[in-house]
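A.B. asks:
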Amino acid sequence: MSVDFLHPGEDAAIDTIVPALEMRGIGKRFPGVVALDNVDLTLEPGKIHALMGENGAGKSTLIKIMAGVYGKDAGTIRMRGREVDVKSPRDSLKEGIKVVFQEIALISEFTVAENIFLEGYPTGRTGSIDWKKIRADSAALFNRIGFNVDPTARTGSLPVSQQQMVEIARALAHEARVVVMDEPTSSLTPNEVSLLFAVIRRLAALGIAVVYVSHKLDEVFEIADTVTVLRDGRHISTKLIGEHTNDTLIQDMIGRRIDNLFPRQRGAAGSKVALSVEKLSTAKKLIDVSFEARAGEVLGFFGLMGAGRTELAKAIVGYDPITSGTITVDGRRLSPHDTSTGVRLGIGLLTEDRKSEGLMGELPVYQNASLASLGAFARLGFVDKAKEHQAVQDYVDRFRIKTPSLFQQIKNLSGGNQQKVLISRWLMRGLKVIVVDEPTRGIDVGAKSEIFALIDRLAGEGLAVVMMTSEMPELLGLADRIAVMCEGRLTAVMPRNEATQEKILNAAIG
Amino acid sequence: MSLASTASAKDQPSMLARLFARQELALLVCLVLVLAFFSATVENFFSVRNMTNVLGQASLALTAGVGCAIVFISGEVDISIGSLLATIALPLIIIMNDTNSLLLGVGGALLFGLIIGVVNGYLVAYAGINSLIVTLGTMFIMRGGVYLYTGQRAIPDAASLDSFIALSDGRLFNIIPYSAVIAIVLLAAFGYMMQHRPFGRQIYAVGGNQEVARLAGYDVRRVKFICFIISALLATVAGIILAARVGSAQHTAGLNFEFQVVAATVLGGVSLAGGIGSLTGMALGVLILQFLSNGLRGLGLPTEWQLVITGMIIIAAVAFDEAKRRRANGG
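Protein sequences, first through last, are from chains A and B. Counting from 1, one number per residue, gives the positions in the first sequence under UniProt numbering. Counting from 1, one number per residue, gives the positions in the second sequence under UniProt numbering.
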């Protein structure tokens, strides 16, 4: 590895004409979903280009294609005019593209300097690692971005903000021409954000094309030169930041009409309070969250990534520890704060991460369904299989769960049918409150409306449904009332008929 | 706003605190305490003769421990080493008895060890089978194989080559047993590799975070494959020393040896989860247990008690380590 990265390239004059990176007609489909459809993106050297869109708009897919994590199904990528084939993360880095993901990809036990040169350690004549050079080069790289991190510090002991700087230095070590920052501020303090912005501007000044992926409007207005908006996997607009106002940008991001995916069958919600949460705080995220959910209503929680929806969901069912506040289910306090008490009182969570927190993939459908209510089928301490199977069969019929038999391993079912089994698990237990976190994640569009109908039915049967979602249509289509979160706080609660997308998004941005 | 020097300096703990946070120093202190205690209570414990004897006894675990620690650091385990110790004595002794050549015997043993390493490594790294299961399997297979071949009797070393016998009771400058010299040289060489050669750091990276290593372009499977080969070859070396010591190939050789080595490695701060620990730590772990055992015997305590005490120390050490790590990561 040469030391030349310490000096800007000589062909800077050409750079200002030829785009640093040009993506044309990029397409990507996953089973059942078109993630990207004919998307273009052109990056100029020395400019900061914001990539915006709602969750699911295709931002992540696009940058993962840049990073070589996903292959593309259609389109071309050119680096400085030359077509390149990015098949792996290593290829991507070799072509000069460095993506700094939200999940930082560093070895936490290694020193900072060692992480910077992870892809290839400078070695001396004997083939041993030249530690002195690694430390000196690291220090020089930090100098260049204007942010010092001790090259000998253990990486895992540093805050996320400094680990990001390590990733940026790693980009420079590989002479990156394009640096992508994926939601970089989601776990930073305001002070750290301004330091990060200074570094990003410095990168641009070095002639690097920076992609800034975010959905925070204020940040984008502060830092970006150009904004590209994606929606539903399509390219919507690319404009100079000066051509946008808050409203036009939001309009571009939302822009669609809500179709009638959501046939409402249930009547109006009752007035009985099923769940009451008061001044709930957790060590990690939540600050003073208070709300009530009534029997028979769907209370929808909206928030952008990192707003604290999943944290709230896990805290109110007793899964994650809380630092203060009270949770009352059907008039009884959730104390001690654990899930066994929660289930006894009648509150359960339909997790966002079905695979690792919901399903026991190798086990048959019936065991997945009866998991929470084995006690009800027990006779003298033995599970009465006939009774258990009958109960599960009832739910399979009722919810039209498509499975060859009760004995099918649940991993072989479709996402929508898996979700129905997990809902059965809770209904069998007889819940008062069900918390559903991103209920349609990973579920085909066709099956989504079935899940919506099921949620509608749950509320119709008198359950209080607390629904965490990042999907605006889902929220507006299903909820009776809408609560909005931003950075661990509840910023707004409104009845459905008073809610508009603009109002919700404004509250979500904070 | 000054961008410079926001990290380091001010939030770093003092030099002394950092030194004490190092696993190796804590272990060294433990070792010194063990030595001091038994020097005060056991006659002739702190004599050159006893010290070098213990070092010679420790050389088996030190040699095999290098391989064990390397496999641990890569994020896998290898418990087949005890059986391998017994097994490689067969080709070693048989070839020596036939040819009267130490070189051919050792060559045959190493070739056998290499094959076992390739089998273990292939099944774990390329076939994707859990390493505990794979090496548990090869452990049984090899032990059973030795029983089948030798029956109840040992196969004596009939060649009685001077060079082979020297492996067991020869001493460098008449002081340090050759077996200890071999162990120390291997320890130093592999210790250097782990800290200063790119391949050594790749092992740490793979064990530390496999996904990050893959993103950085490492061939994770190849790294793990090679670790198992290293482990098997080093266990082979330990097996050769053991065979020289007992002067025969026998089915009970190295019984439970893998657990002694695993115990010492874990005590030495090498994490089963991978990516954490050093060969120095492993070596200190081996020495602590070996001197402890020697000292307790000097106090007249029966072997049964040594087992009980060793077990308690291991759990206590790992619990202490876990508590420290949890505190370091802020709960």
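Even for Gly, the Cβ is constructed at its ideal location relative to N, Cα and C. These numbers were taken from a predicted model, which means no experiment stands behind them.
Enumerate in chain order the residues of its own chain whose CB-to-CB distance from Gly285(B) is below 7 Å, with the five nearest sequence positions on each side excluded.
C.D. replies: Locating residue 285(B) in the second sequence gives position 285, where the first residue counts as 1. Only Leu27, Ala264, Thr265, Leu267, Gly268 meet the Cβ criterion.
A.B. asks: Can you confirm whether Gly361(A), when its beta carbon is compared against all beta carbons of chain B, has any partner nearer than 8 Å?
C.D. replies: Along the first sequence, read from residue 1 onward, the residue named residue 361(A) stands at position 361. Not closer than 8 Å to any Cβ of chain B, the Cβ of Gly361(A) fails to qualify, so no.
A.B. asks: Run through the segment 143 to 169 of chain B for me and flag every whole alpha helix (DSSP H) of 4 or more residues, listed as ranges in chain order.
C.D. replies: Listed in chain order, the complete alpha helix (DSSP H) runs (minimum 4 residues) inside the segment 143 to 169 of chain B are 162 to 169.
A.B. asks: Near Leu123(B), which residues of its chain fall below 6 Å by C-beta distance, leaving aside the five closest residues on each side in sequence?
C.D. replies: The residue you call residue 123(B) lines up with position 123 of the second sequence. Ile129, Val134.
A.B. asks: For Ala105(A), which residues in chain B fall below 7 Å Cβ to Cβ?
C.D. replies: In the first sequence, residue 105(A) corresponds to position 105, counting from 1. Residues of chain B passing the Cβ test: Val212, Leu215.
A.B. asks: Do you know offhand how far Gly267(A)'s Cα is from Gly460(A)'s?
C.D. replies: Looking up residue 267(A) in the first sequence gives position 267. Looking up residue 460(A) in the first sequence gives position 460. Cα-Cα distance, rounded: 7 Å.
A.B. asks: Mind checking the segment 270 to 282 of chain B against chain A and listing, in chain order, the residues whose C-beta falls within less than 7 Å of any C-beta there?
C.D. replies: Answer set for the segment 270 to 282 of chain B: Gly275, Ile276.
A.B. asks: If you drop the 5 nearest sequence neighbours on each side, which residues of the same chain put their C-beta closer than 7 Å to that of Pro19(A)?
C.D. replies: The residue labelled residue 19(A) in the question sits at position 19 within the first sequence. Contacts found: Thr42, Leu43, Glu44.
A.B. asks: Could you have a look at Thr310(B) and say whether DSSP puts it in helix, strand or coil?
C.D. replies: For the purposes of this step, residue 310(B) is identified with residue 310 of the second sequence, where counting begins at 1. Reduced to three states, the DSSP call for Thr310(B) is helix.
A.B. asks: Excluding five sequence neighbours on each side, which residues of the same chain lie with their C-beta closer than 6 Å to the C-beta of Ser88(A)?
C.D. replies: On the first sequence, residue 88(A) is found 88 positions in, with the first residue counted as 1. Excluding residues within five positions, the ones whose Cβ falls inside 6 Å are Gly68.
A.B. asks: Does any C-beta atom of chain B lie closer than 8 Å to the C-beta of Tyr121(A)?
C.D. replies: Here residue 121(A) refers to the residue found at position 121 of the first sequence. For Tyr121(A), the answer is yes, since a Cβ of chain B falls inside 8 Å of its Cβ.
A.B. asks: Please confirm whether Val433(A) and Val343(A) have their CB atoms less than 8 Å apart.
C.D. replies: In the first sequence, counting from the first residue as 1, residue 433(A) sits at position 433. In the first sequence, counting from the first residue as 1, residue 343(A) sits at position 343. Cβ distance not < 8 Å, so Val433(A) and Val343(A) don't count as in contact.
A.B. asks: Measure the alpha-carbon distance for Ala158(B) versus Ile240(B) and round it to whole angstroms.
C.D. replies: Against the second sequence, residue 158(B) aligns to sequence position 158. Against the second sequence, residue 240(B) aligns to sequence position 240. Whole-angstrom Cα-Cα distance: 15 Å.
A.B. asks: Note down the Cα distance separating Phe301(A) from Asn209(B), rounded to an integer number of angstroms.
C.D. replies: Here the question's residue 301(A) lines up with position 301 in the first sequence. Here the question's residue 209(B) lines up with position 209 in the second sequence. Spanning the two alpha carbons is a distance of roughly 35 Å.
A.B. asks: Give me the subset of the segment 268 to 299 of chain A whose CB atoms are less than 9 Å from a CB atom of chain B, sorted by chain position.
C.D. replies: The segment 268 to 299 of chain A vs chain B, Cβ under 9 Å: Ala283.
A.B. asks: With DSSP run on the structure shown, which of helix, strand or coil describes Gln290(B)?
C.D. replies: Residue mapping note: residue 290(B) aligns to position 290 of the second sequence, counting from 1. In the structure shown, Gln290(B) sits in a helix (DSSP, three-state: H, G or I).
A.B. asks: Are the beta-carbon atoms belonging to Ile410(A) and Gly331(A) less than 8 Å from one another?
C.D. replies: Sequence index remark: in the first sequence, residue 410(A) carries index 410 (1-based). Sequence index remark: in the first sequence, residue 331(A) carries index 331 (1-based). Not in contact: Ile410(A) and Gly331(A) (Cβ atoms no closer than 8 Å).
A.B. asks: Please confirm if Leu118(A) has its CB atom under 8 Å from at least one CB of chain B.
C.D. replies: For this step, residue 118(A) is matched to residue 118 along the first sequence. Cβ-Cβ to chain B under 8 Å: yes for Leu118(A).
A.B. asks: Since I believe Leu422(A) is in contact with Gly381(A) (beta carbons under 8 Å), could you give me their beta-carbon distance rounded to a whole number of angstroms?
C.D. replies: Working through the first sequence from its first residue, we reach residue 381(A) at position 381. Working through the first sequence from its first residue, we reach residue 422(A) at position 422. Not a contact, Cβ separation roughly 26 Å.
A.B. asks: Helix, strand or coil: which one does DSSP assign to Gly82(B)?
C.D. replies: Indexing the second sequence from 1 puts residue 82(B) at position 82. In the structure shown, Gly82(B) sits in a helix (DSSP, three-state: H, G or I).
A.B. asks: According to DSSP, is Pro364(A) part of a helix, a strand, or is it coil?
C.D. replies: Against the first sequence, residue 364(A) aligns to sequence position 364. In this structure, Pro364(A) counts as strand in the three-state DSSP scheme.
A.B. asks: Quick one, which residues of the segment 316 to 330 of chain A are near chain B if we go by CB-CB under 7 Å, in chain order?
C.D. replies: From the segment 316 to 330 of chain A, no residue has a Cβ closer than 7 Å to chain B.
A.B. asks: At a Cβ threshold of 8 Å, is Arg231(A) touching chain B?
C.D. replies: Position 231 of the first sequence holds residue 231(A). Answer no: the Cβ-Cβ gap between Arg231(A) and chain B never drops below 8 Å.
A.B. asks: If you measure from the beta carbon of Ser128(A) to each beta carbon in chain B, is any gap under 8 Å?
C.D. replies: To locate residue 128(A), count along the first sequence from 1; it is residue 128. For Ser128(A), the answer is yes, since a Cβ of chain B falls inside 8 Å of its Cβ.
A.B. asks: Name the residues in the segment 67 to 101 of chain A whose C-beta lies less than 7 Å from a C-beta of chain B; which are they?
C.D. replies: Listed in sequence order: Pro89, Arg90.
A.B. asks: In this structure, how does DSSP classify Ala35(A) when only helix, strand and coil are distinguished?
C.D. replies: Translated into positions along the first sequence, residue 35(A) becomes position 35. If DSSP states are grouped into helix, strand and coil, Ala35(A) belongs with the strands.
A.B. asks: Gly75(A) to Asp37(A), Cα distance in whole Å?
C.D. replies: Numbered from its first residue, the first sequence carries residue 75(A) at position 75. Numbered from its first residue, the first sequence carries residue 37(A) at position 37. Roughly 10 Å between the two C-alpha positions.
A.B. asks: Please decide whether Arg221(B) counts as near chain A, where near means a Cβ-Cβ distance under 8 Å.
C.D. replies: Here residue 221(B) is taken as the residue at index 221 of the second sequence, counted from 1. Arg221(B) does not count as touching chain A.
A.B. asks: Roughly how many whole angstroms lie between the Cα atoms of Asn246(A) and Ser370(A)?
C.D. replies: Reading the first sequence from its first residue, position 246 is the one you call residue 246(A). Reading the first sequence from its first residue, position 370 is the one you call residue 370(A). Spanning the two alpha carbons is a distance of roughly 49 Å.
A.B. asks: Give the DSSP bridge partners of Gln409(A), in chain order.
C.D. replies: The sequence position of residue 409(A) within the first sequence is 409, counting from 1. Paired residues: Pro364(A).
A.B. asks: Please confirm whether Val206(B) and Val223(B) have their CB atoms less than 8 Å apart.
C.D. replies: As a first step, residue 206(B) must be located in the second sequence, where it is residue number 206. As a first step, residue 223(B) must be located in the second sequence, where it is residue number 223. It is a contact, given that the beta carbons lie within the stated cut-off.
A.B. asks: Verify the CB distance criterion: does Asn130(B) have a CB-CB separation below 8 Å to chain A?
C.D. replies: Here the question's residue 130(B) lines up with position 130 in the second sequence. So, not an interface residue.
A.B. asks: For His251(B), decide whether its Cβ has a neighbour in chain A, counting only Cβ atoms nearer than 8 Å.
C.D. replies: Numbered from its first residue, the second sequence carries residue 251(B) at position 251. Judged by the 8 Å Cβ criterion, His251(B) is not in contact with chain A.
A.B. asks: Under the rule that 16 or more other beta-carbon atoms within 10 Å means buried, what is Leu103(B), buried or exposed?
C.D. replies: Along the second sequence, one-based indexing puts residue 103(B) at 103. Classification for Leu103(B): exposed.
A.B. asks: Given this structure, state the Cα-to-Cα distance separating Ala283(A) from Thr52(B), to the nearest angstrom.
C.D. replies: For the purposes of this step, residue 283(A) is taken as the residue at position 283 of the first sequence. For the purposes of this step, residue 52(B) is taken as the residue at position 52 of the second sequence. Between Ala283(A) and Thr52(B), the C-alpha separation is close to 54 Å.
A.B. asks: Determine whether the Cβ of Glu222(A) lies closer than 8 Å to any Cβ atom of chain B.
C.D. replies: Counted from its first residue, the first sequence places residue 222(A) at position 222. Answer no: the Cβ-Cβ gap between Glu222(A) and chain B never drops below 8 Å.
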